[in-house]
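Chains as they are written, first to last, in this note's numbering: chain H, 1 to 163; chain L, 164 to 813.
Worksheet for the structure shown next.
Structure, rendered in structure tokens:
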């Protein structure tokens with residue numbers, strides 16, 4: 001029995017490793033499409049929020065838990081993408097100040113909790129993005145995508161695990 | 164596309180997958196054989212446990228009925244989804260469901276480990292195992308990987324319930340809202356946002372007409388259910404879009420209570436429930452979860468209605484009875500609007516002036532900053548400006564493309580770039596906001612009482628009053644002069660007049676806006692709306708008329724205890740002149756939580772006949788205890804009337 005269990009555990013690890021590698025390569029647009037970010041009720045949609053009083057997502061996919069989330073939307077990268085997209089104004093504000101609970105949450109997803117250097121680097125990245133002429137013409141989706149890619153690159157360079 | 168791998172990696176992946184499946188089969192087959200050979204034994208054991216359950220009358224146990232979401236005396240569950248039940252639909256009852264649940268314990272595992280009833284209904288089994296010694300043999304053959312990943316019991320730090328303050332933007336939210344939060348991370352602010360928030364609400368079609376929404380909400384036209392999402396999504400909606408304050412009650416549950424609550428929540432997620440706005444709402448459903456976990460009675464079998472604040476009063480009561488061992492802490496979470504106001508109030512007079520000139524576009528941003536020599540001041544100003552523009556942008560949809568949104572967004576981006584060019588803030592510069600008293604720290608919502616009144620026209624009479632929801636402008640609540648009153652009935656009885664209606668307020672809502680923060684463009688309007696039945700004149704007892712009124716005005720704080728206000732009210736009456744204008748001024752004074760008074764003087768002008776008459780009102784409240792108070796009032800409208808009453812809240 002122990003031999004069976006050992007073989008199974010070893011194989012499970014071997015199978016899981018390529019999957020994780022694949023996850024880190026996922027792009028924001030893929031996460032957005034496959035994890036239903038676009039289908040979620042936008043918290044900024046006052047009309048919907050006023051009527052429903054809830055964030056209703058039964059029967060839809062949503063990044064939050066194993067109860068409602070597809071298997072390939074559970075990693076930190078998908079969670080970070082969701083946080084950036086859904087709370088973009090708060091993250092923008094926290095990065096501007098260099099601190100804040102949304103920034104702390106993002107660093108947790110990046111696998112670099114409390115890393116002041118990573119926060120400072122990401123702040124520089126936002127300065128570059130926001131300083132470009134086209135920033136005001138970019139949609140929330142596009143801004144979130146740019147910031148997500150910047151985070152992914154910084155987290156990888158810092159040796160953090162966002163998968 | 165996602166998960167597209169290089170060919171060589173794909174081949175490796177397939178190879179290991181095939182090997183993994185083969186190995187898994189080798190692992191499972193012996194266990195399956197063992198299971199089959201023992202199945203007759205378990206069938207026999209199941210019968211023994213059915214008998215034991217009957218002896219304990221578990222099918223009629225209040226907790227079992229709660230687990231099935233059955234109200235007291237009901238024969239059906241409030242859950243609509245058929246897959247919430249194991250017994251057949253035709254002859255369903257709690258007894259049949261208990262039998263089916265117990266039999267299912269002994270079912271062998273299938274191909275999908277998460278599909279076994281033990282994984283689908285772990286809350287029921289956790290509770291049943293408290294009463295019956297269900298055999299744990301071969302428990303390892305039924306693993307529930309999804310449940311384990313979701314519940315993360317070993318990482319669970321605590322469970323919180325959150326009171327969301329009332330929101331006048333939506334009738335269903337006027338009485339507040341209730342959330343639950345599963346606290347898995349540490350106590351840092353960032354971790355708090357990543358905790359799992361539990362919400363319960365109705366599935367309302369997008370674009371629903373407001374009247375249809377109210378009617379369908381009241382009379383059961385919607386289905387409802389639990390949803391679980393990262394707490395930051397709820398923080399975003401309630402705090403940053405609707406600007407509602409919240410109070411988080413962190414509970415002190417033991418491991419069994421936490422497990423039972425989480426497991427029952429798991430078995431309830433994704434199922435559809437019947438929904439009635441007044442009674443079967445978010446507050447009741449989340450209160451039921453805590454009743455199941457703790458065994459406390461949170462009053463979830465209400466006759467007419469159940470408000471979020473009702474639950475929190477019950478929780479406060481239960482905590483007192485348990486000598487403070489149920490609630491670990493209460494934390495105030497200010498809305499983003501309150502945070503903005505707080506930060507603005509910390510700017511000095513000169514910076515406040517520059518702030519208002521910038522948002523009023525009287526000066527160029529860059530020019531204004533040049534004049535501020537101290538970098539710390541520039542940082543402080545830009546921080547508040549950025550918070551202000553995010554606050555202004557919050558009500559717009561994220562993908563809005565209108566000119567107003569684009570103009571605000573461009574302005575915000577300009578500020579963002581300037582702020583990012585300066586050093587980060589220092590943590591030492593932040594300052595905590597003084598917590599607002601939690602709603603459940605005041606009186607309970609329902610009010611009743613008796614009093615004596617003396618009317619100069621028809622003498623002394625007895626008064627009886629009842630209100631189903633009574634948070635008025637001088638009540639022991641945290642509304643600071645605002646009010647929300649529903650079905651406030653006042654009856655009188657005089658020997659000479661018999662029984663009569665003094666007044667019935669169907670709804671009375673008031674917002675007394677004493678915003679002392681002078682941000683350019685922020686609303687400083689106060690308002691008041693009411694509808695009901697009243698006496699046309701004070702000197703009569705059979706002159707009742709229907710009315711509807713709306714008022715608009717201003718309020719100002721005079722020191723810490725005084726508020727002065729002036730309003731112009733328009734009122735439609737079913738009798739007399741039909742349409743009246745009532746300008747009035749008033750004063751409100753509070754003396755701690757014990758005492759509050761109001762004084763109003765005004766003039767009523769009929770628009771049809773041009774007649775006018777003055778009115779004067781005074782009322783004071785003295786709380787003997789949190790839920791017991793004495794009120795004295797005086798009114799003058801051609802005749803005089805004074806009253807004294809004793810009132811109890813529950």
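Where a beta carbon is used, it is the ideal one built from N, C-alpha and C, also for glycine.
These figures come from a predicted structure and were not determined experimentally.
| Asked | Found |
| --- | --- |
| Quick check: is the beta carbon of residue 464/L nearer than 9 Å to any beta carbon in chain H? | no |
| Please determine if the stretch 409 to 425 of chain L and the stretch 509 to 521 of chain L are in contact, where contact requires at least 3 C-beta pairs separated by less than 8 Å. | no |
| Is there a C-beta anywhere in chain H that falls below 9 Å from the one on residue 395/L? | yes |
| For residue 454/L, which of 423/L, 621/L, 735/L has the nearest alpha-carbon? | 423/L |
| Taking 7 Å as the limit between beta carbons, can you name the residues of its chain near residue 741/L, skipping five residues before and five after? | 735, 771 |
| Taking all protein chains shown into account, do 16 or more other C-beta atoms lie within 10 angstroms of the C-beta of residue 731/L, making it buried, or fewer, making it exposed? | exposed |
| Taking one C-beta from the stretch 683 to 696 of chain L and one from the stretch 711 to 720 of chain L each time, how about it: are there three or more such pairs within less than 8 Å? | yes |
| Please return the same chain residues whose Cβ sits closer than 6 Å to the Cβ of residue 145/H, not counting the five positions on each side in sequence. | 28 |
| When the Cα atoms are used, what is the spatial distance from residue 586/L to residue 540/L? | 12 Å |
| List, in chain order, every chain H residue whose beta-carbon is nearer than 7 Å to that of residue 588/L. | 97, 98, 99 |
| May I ask which residues mark the beginning and end of the beta strand (DSSP E) holding residue 776/L? | 775 to 788 |
| Do residue 269/L and residue 260/L come within 9 Å of each other at the CB atom, strictly closer than that value? | no |
| Assuming residue 668/L is part of the beta strand (DSSP E), what are its boundary residues? | 661 to 674 |
| Can you name, in chain order, every residue of its own chain whose Cβ lies under 6 Å from the Cβ of residue 264/L, other than the five neighbours on each side? | 249, 287 |
| Identify which residue in 284/L, 340/L, 349/L, 804/L has its Cα closest to the Cα of residue 626/L. | 804/L |
| So does the stretch 132 to 146 of chain H actually touch the stretch 557 to 574 of chain L, counting three or more Cβ pairs closer than 8 Å? | yes |
| For a cutoff of 9 Å on Cβ pairs, would you count residue 757/L as touching chain H? | no |
| Please confirm whether residue 111/H has its beta-carbon closer than 9 Å to some beta-carbon of chain L. | no |
| Under 8 Å Cβ to Cβ from residue 681/L, same chain only, skipping five residues before and after it: list those, please. | 515, 519 |
| Of the residues 90/H, 105/H, 96/H, which one's Cα is nearest the Cα of residue 130/H? | 96/H |
| For the stretch 129 to 151 of chain H, enumerate the residues whose C-beta is nearer than 8 Å to any C-beta of chain L, in chain order. | 130, 131, 135, 136, 139, 140, 141 |
| Answer yes or no: does any C-beta atom of chain H fall closer than 9 Å to that of residue 501/L? | no |
| Where residue 457/L and residue 376/L are concerned, what is the direct C-alpha to C-alpha distance, given to the nearest angstrom? | 34 Å |
| Provide the residue span of the beta strand (DSSP E) that contains residue 630/L, from first to last. | 622 to 634 |
| Could you check if residue 471/L belongs to the surroundings of the ligand NAD, using beta carbon to heavy atom distance under 8 Å? | Looking at this structure, you won't find the ligand NAD or any other ligand, since it has none at all. |
| Could you name the residues of the same chain whose beta carbon sits closer than 7 Å to that of residue 193/L, not counting the 5 residues immediately before and after it, in chain order? | For residue 193/L, the predicted structure reports a pLDDT of 40, less than 50, and the residue's modelled location is therefore unreliable. The matter cannot be settled from this model. |
| Nearest-angstrom Cα distance between residue 568/L and residue 580/L? | 18 Å |
| So what does residue 690/L bridge to, in DSSP terms? | 674/L, 715/L |
| Excluding sequence positions up to five away, which residues of its chain have a Cβ less than 8 Å from the Cβ of residue 381/L? | 439, 440, 441 |
| Tell whether a beta-carbon distance below 9 Å holds between residue 321/L and residue 451/L. | no |
| With residue 126/H and residue 583/L assumed to form a contact (beta carbons below 8 Å), what rounded beta-carbon distance in angstroms separates them? | 6 Å |
| According to DSSP, what are the bridge partners of residue 114/H? | Answer is none; residue 114/H lacks a bridge partner. |
| Report the CB separation of residue 679/L from residue 720/L in whole angstroms; it is logged as a contact under 8 Å. | 6 Å |
| Closest Cβ-Cβ distance between residue 105/H and chain L: below 9 Å? | yes |
| Could you check whether the Cβ of residue 680/L sits closer than 9 Å to any Cβ belonging to chain B? | Among the protein chains of the structure shown, namely H and L, there is no chain B. |
| Quick one, are the C-beta atoms of residue 462/L and residue 244/L less than 9 Å apart? | no |
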